[in-house]
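Read through the structure below, which is laid out as structure tokens, and then see the notes.
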Amino acid sequence: MDELEISAVVQRWVLYRDAGDWDRFRDVWHPNGWMSATWFEGPYEEFIRASRKGFAEGVRILHFLGGTAVDVVGGHAIAQTKMTITQRGVVHGVEVDVVCTGRFYDFFARHEGEWRMAHRQPIYESDRMHALDPAAVLGLDADRLARFPVGYRHLAYLQEVACGAQVRPGLPGLHDEATRRLYREGQVWLLEAV
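Numbering that gives the first Met the number 0 numbers the first residue of the sequence shown as 0 and each following residue consecutively.
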């Protein structure tokens, strides 16, 4: 039953966030909820404010989910969910889509009898950028692209160029130290519930 409830929260996060349904989106979070992403890190309420601002400015980031695996220990849980992030924008005068695949690594805690998301950290495994117009020539700055890990370099490029975001370097990828550190943090989270 816990796994189903947690999986439902993961699904609601995506649906409500992408639809801009901020009141219901707020309900998926633990009161101390923390969000980490390429362009943001901080308390969930600040994430909602920043996301609302982006929506008002026309930024659209969509999330699609795959399978979920959940580990539950007492009142804590870790959920990993395959995901795809897509974002559209204009890079150097060319309209593009970026598709980034990876996993959501979510820390859950029971709050007032319900599972709530305490921390979300995406793991960025691979991404790509393509022009919507197949005849368009897209010239990227190779040095700027190379500043970021292979798992989210095109997403970072788009977010910096099209949105003016300050993208965070060194986020978890497919097989790297940041991901191994995240797994260790997840194990500590579960052990704290024993």
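By construction, the Cβ of each residue, glycine as well, lies at the ideal position given by its N, Cα and C atoms. Remember, predicted model here, so these are calculated numbers, not experimental data.
For tryptophan 12, the enclosing alpha helix (DSSP H) has its first and last residue at 1 to 18.
Around the beta carbon of methionine 0, fewer than 16 other beta carbons sit within 10 angstroms, so the residue counts as exposed. In this chain, the beta strand (DSSP E) harbouring valine 93 covers 93 to 110. Arginine 127 is bridged by DSSP to Val98. Listed in chain order, the non-local C-beta contacts of phenylalanine 63 below 6 Å within the same chain comprise Thr83, local neighbours out to five positions each way being set aside.
When secondary structure is reduced to three states using DSSP, aspartate 22 falls in the helix class. The C-beta distance from proline 171 to tyrosine 123 rounds to 7 Å, short enough to meet the 8 Å contact threshold.
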